[in-house]
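Per the UniProt record's numbering, residue 1 is the first one in the sequence shown, and the count goes up by one each step.
What follows is a short report on a single structure.
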Amino acid sequence: MPNPAPYVIIHHSYIPPACNTTSECIEAMQFMQDLHMNTNGWNDIGYSFAVGGDGNAYTGRGWSSVGAHAPLYNNKSIGICVIGDWREELPPQNQLETVHNLIQLGVDSGYIRSDYILHGHRQVRANTECPGDRLFEEIKTWPHFSSDVDVFYNDTKKKS
Ligand SMILES: [Zn+2]
């Protein structure tokens, strides 16, 4: 993937649920990797990174490989999964801080554009509540969040 990426897309995992210890978070990563590789048939876990409730960031495809997390944006975004179900609850502060630090590291290292645009997954794809209502309300307050969407992936038309 060409760097620096112009977009950051925020996800929640929904399943697996929130992890609080490093061993739980490693298990959550392995669960998602198995799902994405064995069930979905992808090359690797779909996200660029995932962040756990233990405050660690875990590498998925990393900074420079095309992900599989948001159609139309996979080749121009860093996809970050905040592990847990954030429809009603806000992730703990240490987890959110790590998301901010990870984005800043990407900017400082030249992997993310300094004028990047931040979106929640639901803004760029039909039929998903990702990253959960509560987390989505939170990221609306973050720097670089934009409600203006360039392209939107809608694969629901074929159903009607
Ligand atoms: Zn998502």
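We put the CB at the ideal spot given by N, CA and C, even for glycine.
Computed from a predicted model, the values in this text were never measured in an experiment.
C-alpha distance - residue i paired with residue j, whole-angstrom precision
{"i": "S64", "j": "I103", "result": "14 Å"}
{"i": "G106", "j": "P71", "result": "21 Å"}
{"i": "T156", "j": "P4", "result": "31 Å"}
{"i": "G41", "j": "D148", "result": "32 Å"}
{"i": "D115", "j": "S23", "result": "35 Å"}
{"i": "W142", "j": "L35", "result": "30 Å"}
{"i": "Q93", "j": "I80", "result": "16 Å"}
{"i": "I112", "j": "A57", "result": "16 Å"}
{"i": "C25", "j": "F145", "result": "27 Å"}
{"i": "D85", "j": "H12", "result": "6 Å"}
{"i": "K140", "j": "E97", "result": "15 Å"}
Residue i CB to nearest heavy atom of ligand 3 below 8 Å
{"i": "T156", "result": "As far as ligands go, the structure on display features ligand 1 and does not contain ligand 3."}
Best match in the options for proximity to residue i [C-alpha to C-alpha]
{"i": "M37", "options": "A68, Y58, V51 and R87", "result": "A68"}
{"i": "E27", "options": "Y116, K76, A126 and G53", "result": "G53"}
{"i": "P91", "options": "P2, I10 and G46", "result": "I10"}
{"i": "P17", "options": "Y47, F31 and K140", "result": "F31"}
{"i": "Q95", "options": "G84, I112, C130 and G55", "result": "G55"}
{"i": "E138", "options": "D150, G120, R113 and C19", "result": "G120"}
{"i": "F152", "options": "T128, K140 and H144", "result": "T128"}
6 Å CB neighbourhood of residue i in its chain, flanking five on each side removed
{"i": "D44", "result": "R61"}
{"i": "N154", "result": "A126"}
{"i": "D133", "result": "R87"}
{"i": "Q33", "result": "I45"}
Beta-carbon spacing of residue i, residue j below 9 Å
{"i": "V82", "j": "L118", "result": "no"}
{"i": "R122", "j": "Y14", "result": "no"}
{"i": "F49", "j": "T59", "result": "yes"}
{"i": "V66", "j": "V99", "result": "no"}
{"i": "Y73", "j": "V124", "result": "yes"}
{"i": "M1", "j": "N75", "result": "yes"}
{"i": "S77", "j": "Y7", "result": "yes"}
Proximal residues to residue i (C-beta, below 7 Å), its chain only, five neighbours per side dropped
{"i": "E89", "result": "R134"}
{"i": "T21", "result": "D54"}
Residues near residue i by beta carbon distance below 8 Å, same chain, minus five either side
{"i": "C130", "result": "H11, H12, Y14, G120, H121 and R122"}
Runs of beta strand (DSSP E) lying entirely within the UniProt domain "N-acetylmuramoyl-L-alanine amidase" (1-132), each at least 3 residues, in chain order: Listed in chain order, they are 5-12, 49-51, 57-59, 77-82 and 112-120.
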